[in-house]
Amino acid sequence: MGCPPFSPSFAAPSDSETAKLQAQLDELKQLQEQREFERETSRFQQLLQSLQGVGPEKPASSEATSEEPAELRALRLQHAQEMLRIQHERSLIEEHEKLRAVREGAERRRKEADEQLEHDEWVAKQKRMVLALRMKKVLATEQATSTAAETSVVLPYDPDLGFVIFWDFVSCVPLNVPCLQLTYALYDQTTVRSKHKLVRPHECEPHGLSHQRCVFATRRDFEQMPASPHLRLLVEVAMVASPTGPRARAPASLGWTAIDIFLPSLKLQEGCFKLPLSFTPLPQATAPWALPLGEDDNSAKLYVRLVHAAQAEEASKFAVNPDTMADKYALPPNQALRAAPQSPGPERPAEKNAAPPKKLAAVPDTSVSSPLPMTPEAKPSPSNEVSRPATLSEPKVAPKMEPKVEPTVAPPEVASPMPTSRLYAPTAELEDSAFLNCDNASQRRRQLFARGDGVNIYIDGARSLPDCTSVTKATVFAFHSDMTLCTPLGETTATCSLQDNAFTPAFRLLLEFRDERFNPTLTIVVRLDTIDVHSKRPLVLGYVAVSVFLDANGQQPTKPSVQDVYLNDGAFQVPLRAGITLGSSAAAMTAKACDGALKISCATVLVRIAPATKSEDGLRCLSRKDAPAAEWEAQRIVLPAPAYASRAYDSTSARPSAMEEKLYELRQQRKPRLVGELLQSTLAVDAERLPAVIANQLEKKPKTSLLDVRSSIFVYQPEIGFRVAIDGLHNLPSSTNGSFVKVLASVAPPAAFYQVQILAHSSVDTLSAQTPQLTDDVQLTVSYDWTSASSSPEFSDGYHTYRDVVAVSSTPLLLVLDVRCVKMGKSGDWASTPFGWTYLKLLHSESGGIAPGSFQLPLFAGNVTLDVLQHDQDLDSLVTQEVAKKKGLIAYIPGASLLLRIEDGQLPGVFPTPFTTIEPKGIPASLLAKYAYDPAAIQTQRKKKPLTKLLPPKRSEQELEKELNVAFADEMGITHYVF
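Structure follows, in structure tokens:
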């Protein structure tokens, strides 16, 4: 019984896996045939039992599987075949991937081995080079002392042979410098005469307890070089990593120097010279630059020899031994620093019994034309003032007295380096009206901030503060990104002197941070407080924020986990901003987060960040408590502030806009006001009680900010003007249904537009014909928001700036707003009818400044007349008087109002968004409910009756808008618009 075995219709593949699967399939078929045989046997037995009268037994298995059709079996077999093929392809791909991975691994290991071999060879080569240089230095120091430098033979210069520079050594190198390299080039004024060349790195060797020195003992020949009185050698000294150490560290500049190659007589300036290093940014090749000056002391210098090429072999016998031959070198005659005069300048009064300043370096853009006149008097500068960031390679020298200077003319820009007194020399052209555009980012040092390093924050002063400023107090905070505070040593506040200019106060504030470790997200925030000269109340002028640390990309770290950070070392001119809210932990506190706040035009703060000076053993950071006040500058614990004219402050973040450039020009006419005199006249307090009054008013943070007294920040400047944005009308009556509304804006006085109208309607025809159309200053609304409600139409024109509008002291300056309804007549022409008008006084009565705001003004019925605008009575009192009458000259349109925004051109961006913080103006308190502006109700009206429902058939919004504007402007005689 049963079915014969099933014979497949195809030959089995030869693959082993396929054969295995085929065998399993055969076994399954045999099992199926066996089960069918058992079922047939069971049926036969049941039939026999039924014939014998025996009931059927219950089957052992309850399987009731039906026999599968042949088509199903064929499909199953086809499926198995496809699965076998796919599995075979997958296995093949996996094997290929494994083979490729093995090959790539072998290639990678081969490259790593080659790179390691190359690195080992490079290290061995560098070690051999270091040994050779050491041997060369030893041989140079053991040579007999040569008299070549003292030879009296002077040869005429030969341009074909040229000259030779011997790079001998550098003195007073910081202890943490492993190697030094030199980069040099020849300049003939602004022309580069040679390529930039490099003296490869040489190791530094200890010299004393606090310094090192670096011996180069090498030379460079300059052939085919014509003589020129302006030919100079410019050299930069840079710190680099050791040749045997890691190569990833970028060079860091330690300073630069220069020397004139020829004398004015075109003779070669031969001799042994020690060139003073300047620690300021490298001069620009595009402009004349000055030689650095120095003293014959133990400060950092580059020792070189300049010889005739014909005497090079003889000069090469010179013993390069700093211990025995250093006294053979001298400063170039034109680079020896003579006693410089001192003047504390108008912003830095002298103090008695104060230590004299230390001589510092600065790089101007032009060279010295003549020295300043000198007087025998000498006044030391205050010891607690500060200068540019400290430089590690500057030595500690004793302070020297410098005489005072009284220049009869504006002094020229000075050379580098210069003493502190020269930095503070008065410069009449650089008062608070001046701005120097300086970008010192490329010259800033990049040195990793290490554990145990300290930070000094200097708040030097402020510049070009607003007109409402009197006495100014600076308060400094140090925030981490999570708004936690970092506490410095000493005071965190400073108030300017009573002798300071109120617009350019000096704070002379130093904050010392001496923590063992620092959170790299640290941000310095400076708040300026003042006493408003108009309200006589204290207020917050604004804030500045500066990041203390930078990451490898030059950005402020936002997470405390950042490890490799750099100190944001430098001097900065930072813009003052208003509206910054401190104390919130919702957002990370960073300097960049404060950039979105409103910028106070032209107002800036001078801030410097510098590393703390270390002790001689380099184990701790020095603070003011470690030395008497007279020695702070000598030990570089406190660094005097540079003059603004020295271009030490990076002002890239405070670059002025076009408006601010104009404002800087106008402020040249602003007379300086001394803080003491200004407060005595403002507060009516005598000089003795003045300090106590200031301390009492500025003891705590003021509750009022600058934006709360917007109308008194600046005095009105007609050249800059004011900005007006007519945003819309609200709650128009039903009489305007079906009409479009236009608003005319003009200034009174002179109200020329309404004078023209009177003349135009005069009965004298000849006079009307000669009437000029004085409509150039009349503006009109042009663009509609077509989604706005017809009863509260809105305009999308934005701000328009009014300039050169002169204010007359005896007459209030008014903005007159004339509302007209425009409707199409039966003939298809557009015609307008007066609907209402309103006005706004632009200037604050006390401060004389523009009164900015987002205002809601009530509409008065009818047409505005010249009688009303030129009435002898004040317009506010005239309105109050007339609206109280039943048939007065002026009457309200019940509930109807006009919405607009006003900004001072000197402070744009105060009200960037319409219909926010609306302030009712000129609306009686009893009528405020009728004029209430409800955004929810306005939104409902938008859906019911939008302006689009007024569109005539087959007219687009743009077409109708242009047609309306052309017709209305033509009717009003306005010709300065182009539609």
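Mapping to the numbering used here: the sequence shown position 646 is 761, numbers consecutive. Think of the CB as a built atom: it goes at the ideal place given N, C-alpha and C, for glycine as much as any other residue.
May I ask which residues mark the beginning and end of the beta strand (DSSP E) holding residue i?
{"i": "ILE715", "result": "713-726"}
{"i": "ALA593", "result": "587-594"}
{"i": "ALA427", "result": "No beta strand (DSSP E) contains ALA427, which is instead part of the alpha helix (DSSP H) from 427-430."}
{"i": "ILE1008", "result": "1007-1019"}
{"i": "LYS382", "result": "Looking at the DSSP string, LYS382 is not in any beta strand (DSSP E), and its letter there is neither H nor E."}
{"i": "PRO321", "result": "312-322"}
{"i": "GLN688", "result": "685-693"}
{"i": "THR916", "result": "915-917"}
Residues bridged to residue i by DSSP?
{"i": "GLU1034", "result": "PHE970"}
{"i": "HIS345", "result": "Note: HIS345 sits in no beta bridge, so no partner."}
{"i": "GLN894", "result": "ALA860"}
{"i": "ALA946", "result": "LYS938"}
{"i": "THR333", "result": "TRP282"}
{"i": "ASN571", "result": "GLU627, ALA725"}
{"i": "LYS766", "result": "The question names Lys, but residue 766 is Ser in the sequence shown. Paired residue(s): none; SER766 is not in a bridge."}
{"i": "ALA353", "result": "GLN296, SER368"}
{"i": "PRO391", "result": "LYS416"}
{"i": "ALA840", "result": "ARG1016"}
{"i": "GLU909", "result": "GLY843"}
Taking the continuous alpha helix (DSSP H) assigned at residue i, which residues delimit it?
{"i": "TYR779", "result": "773-781"}
{"i": "MET440", "result": "437-440"}
{"i": "GLY791", "result": "790-798"}
{"i": "LYS1058", "result": "1050-1059"}
{"i": "LEU993", "result": "990-998"}
{"i": "PRO806", "result": "805-812"}
{"i": "ASP86", "result": "As shown, the chain starts at 116 and ends at 1094. That puts residue 86 outside it, with no answer to give."}
{"i": "LEU1079", "result": "1072-1087"}
Please confirm whether residue i and residue j have their CB atoms less than 8 Å apart.
{"i": "SER343", "j": "PHE388", "result": "no"}
{"i": "SER969", "j": "THR1031", "result": "yes"}
{"i": "GLU410", "j": "LEU452", "result": "yes"}
{"i": "LEU633", "j": "ASP575", "result": "Correcting the residue identity first, residue 633 is Phe in this sequence and not Leu. No, the Cβ-Cβ distance between PHE633 and ASP575 is not below 8 Å."}
{"i": "LEU974", "j": "SER1012", "result": "yes"}
{"i": "THR636", "j": "SER596", "result": "yes"}
{"i": "LEU604", "j": "ARG566", "result": "no"}
{"i": "ARG315", "j": "GLN296", "result": "yes"}
{"i": "ALA712", "j": "THR673", "result": "no"}
{"i": "ARG918", "j": "GLU834", "result": "yes"}
{"i": "TYR914", "j": "ARG838", "result": "yes"}
{"i": "SER716", "j": "ASN683", "result": "no"}
{"i": "LYS312", "j": "ARG335", "result": "yes"}
{"i": "ILE1038", "j": "GLN996", "result": "no"}
{"i": "THR619", "j": "THR607", "result": "no"}
{"i": "GLU1072", "j": "TRP945", "result": "no"}
{"i": "CYS611", "j": "VAL586", "result": "yes"}
{"i": "SER850", "j": "LEU1062", "result": "no"}
{"i": "PRO358", "j": "VAL269", "result": "no"}
{"i": "LEU290", "j": "GLY733", "result": "yes"}
{"i": "VAL858", "j": "THR896", "result": "yes"}
{"i": "SER827", "j": "CYS583", "result": "yes"}
Would you please state the rounded distance, in angstroms, between the beta carbons of residue i and residue j? I believe it to be under 8 Å.
{"i": "LEU958", "j": "ILE1017", "result": "LEU958 to ILE1017, Cβ: 11 Å. No contact."}
{"i": "GLY843", "j": "PHE950", "result": "Going by Cβ atoms, the distance from GLY843 to PHE950 rounds to 14 Å, so no, they are not a contact pair."}
{"i": "PRO581", "j": "PHE829", "result": "6 Å"}
{"i": "GLY1010", "j": "LYS1060", "result": "At roughly 17 Å, the Cβ-Cβ gap does not stay under 8 Å, so GLY1010 and LYS1060 are not in contact."}
{"i": "LEU417", "j": "LEU392", "result": "7 Å"}
{"i": "VAL934", "j": "PHE855", "result": "In fact, because the Cβ distance is near 11 Å, the residues do not count as touching under 8 Å."}
{"i": "LEU794", "j": "VAL862", "result": "Not quite, the Cβ-Cβ distance comes to about 36 Å (not below 8 Å), so this is no contact."}
{"i": "VAL350", "j": "THR372", "result": "5 Å"}
{"i": "LEU721", "j": "LEU691", "result": "Contact doesn't hold; Cβ gap of about 11 Å is too wide."}
{"i": "ARG770", "j": "ASN552", "result": "6 Å"}
{"i": "SER579", "j": "ALA415", "result": "No, SER579 and ALA415 are not in contact; Cβ-Cβ is about 37 Å, not under 8 Å."}
{"i": "TYR1092", "j": "ALA1084", "result": "5 Å"}
*Can you list the alpha helix (DSSP H) stretches of 4 or more residues lying completely in the stretch 605-655, in chain order?*
none
_Which complete alpha helix (DSSP H) runs does the stretch 172-246 hold, if anything under 4 residues is left out?_
none
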